[in-house]
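One structure is given here, and the rest of the page talks about it.
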Amino acid sequence: MTVALVTGATQGLGLALVEGLAQRLTPEDTVYLTGRDLGRINQAVESLPGGGAQVRGEVFDVAEPMAAARLADRLGGVDIVFGNAVMRVGPDDDPRSIVEAYTEVNNFGTTRLLRAFAPIMRDNGRLIVVASSLGTLRQLAPVLHDRFDGLSSLDEVDEQVAAWRDAVLDGSARSGAWPGFVNIPSKIAQVAAVRALAEQRREDDAARGILVAAACPGMINTPTSALWWDVSDAPTPAQAAVALLELAFQPVDPDRYGQLVRHGKVVPWR
Numbered sequence: 003m004t005v006a007l008v009t010g011a012t013q014g015l016g017l018a019l020v021e022g023l024a025q026r027l028t029p030e031d032t033v034y035l036t037g038r039d040l041g042r043i044n045q046a047v048e049s050l051p052g053g054g055a056q057v058r059g060e061v062f063d064v065a066e067p068m069a070a071a072r073l074a075d076r077l078g079g080v081d082i083v084f085g086n087a088v089m090r091v092g093p094d095d096d097p098r099s100i101v102e103a104y105t106e107v108n109n110f111g112t113t114r115l116l117r118a119f120a121p122i123m124r125d126n127g128r129l130i131v132v133a134s135s136l137g138t139l140r141q142l143a144p145v146l147h148d149r150f151d152g153l154s155s156l157d158e159v160d161e162q163v164a165a166w167r168d169a170v171l172d173g174s175a176r177s178g179a180w181p182g183f184v185n186i187p188s189k190i191a192q193v194a195a196v197r198a199l200a201e202q203r204r205e206d207d208a209a210r211g212i213l214v215a216a217a218c219p220g221m222i223n224t225p226t227s228a229l230w231w232d233v234s235d236a237p238t239p240a241q242a243a244v245a246l247l248e249l250a251f252q253p254v255d256p257d258r259y260g261q262l263v264r265h266g267k268v269v270p271w272r
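In this note's numbering, the protein residues as written are 3 to 272.
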């Protein structure tokens, strides 16, 4: 029996990933549709077409410090995990007012998920963090590259995220080399977390057929994206989910392990 889990799954890409997983799996399999709000979770489960795997709603807030560990302990083993939980930011949001909540979900939520679920991945499992092509060092001033390059543990990633968060809060980020768009350092840190975890697990995961990777779905036509860009011609969440689902179901390509992947191709880190 295959067990899959998607975080941030009550709408948009997350919901499309749940539907795609359910369609590709069998009635003996289970897909956990997770989110923070029980009402929205139930509505999302009810909105899905029947057939395929069983879809179970599960309250799971990645920003809650022990939630990932509790859920992983209860499940015991998983085959596919998509880390898709995200706090969105709008053009009018003041970075100083949102950065604490933002990093708790997008960054510390990601490292909590990786810590909790990497140890319970079954053979041939897939642990995929939904990230962005913004998550590369070339999006960052060269003077800041060593903050996220070559990190060897998730603890080190958390330390760098906390330092950046604090710089946003005290105003020093704004007067320094950090980009004003908080999404850029956040996405870089997500990819850095995947790279750090992969470096620790590479040999064992290769022997067991496990893929750890970050995935960029590209621009998606969603209300949040429309606040920033013209997304009228962008793919729908269901269309964008296809490449991520292929990454989960295709044989492991060693070149993709620990990397940021967009439409099947590795996006260079440096």
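Positions of the beta carbon are idealized from the N, C-alpha and C atoms, including for glycine. All figures in this text were calculated on a predicted structure; none of them were measured in a lab.
Own chain, CB closer than 7 Å to residue i, minus 5 neighbours either side, in chain order
| i | result |
| --- | --- |
| residue 71 | 118 |
| residue 167 | 101, 102 and 105 |
| residue 135 | 218, 264 and 269 |
N- and C-terminal bounds of the beta strand (DSSP E) containing residue i
| i | result |
| --- | --- |
| residue 254 | It is not in any beta strand (DSSP E) - residue 254 carries neither H nor E in the DSSP assignment. |
| residue 60 | 56-61 |
| residue 215 | 213-218 |
| residue 82 | 80-85 |
Beta-carbon contacts of residue i that lie in its chain and below 8 Å, excluding the five residues immediately before and after
| i | result |
| --- | --- |
| residue 133 | 189, 192, 193, 196, 216, 217, 218 and 262 |
| residue 120 | 129, 199, 203 and 214 |
Alpha helix (DSSP H) segment containing residue i, residue limits
| i | result |
| --- | --- |
| residue 37 | Premise fails: residue 37 lies in the beta strand (DSSP E), 32-37, not in any alpha helix (DSSP H). |
| residue 165 | 156-172 |
| residue 41 | 40-49 |
Supposed contact pair residue j and residue i - C-beta distance, whole angstroms, cut 8 Å
| i | j | result |
| --- | --- | --- |
| residue 115 | residue 85 | 5 Å |
| residue 33 | residue 20 | 6 Å |
| residue 149 | residue 141 | Incorrect: roughly 13 Å between the Cβ atoms, too far for contact. |
Pick from the options that is closest to residue i, judged by C-alpha positions
| i | options | result |
| --- | --- | --- |
| residue 89 | 108, 146 and 266 | 108 |
| residue 139 | 272, 4, 3 and 243 | 272 |
| residue 202 | 32, 157 and 28 | 157 |
| residue 3 | 11, 40 and 79 | 79 |
| residue 46 | 154, 17 and 242 | 17 |
| residue 62 | 179, 257, 149 and 37 | 37 |
| residue 12 | 256, 40 and 251 | 40 |
| residue 164 | 57, 143 and 187 | 187 |
| residue 7 | 42, 48 and 56 | 56 |
Close-in-space but distant-in-sequence residues of the same chain around residue i (CB under 6 Å, 5 per side omitted)
| i | result |
| --- | --- |
| residue 124 | 79 and 81 |
| residue 1 | Since the first residue shown for the chain is 3 and the last is 272, residue 1 is missing from the structure and cannot be characterised. |
| residue 97 | 170 and 184 |
| residue 212 | 123 and 127 |
In chain order, each beta strand (DSSP E) run of at least 3 residues that lies wholly inside the region 78-129: With a minimum length of 3 residues, the continuous beta strand (DSSP E) runs that stay inside the region 78-129 are 80-85.
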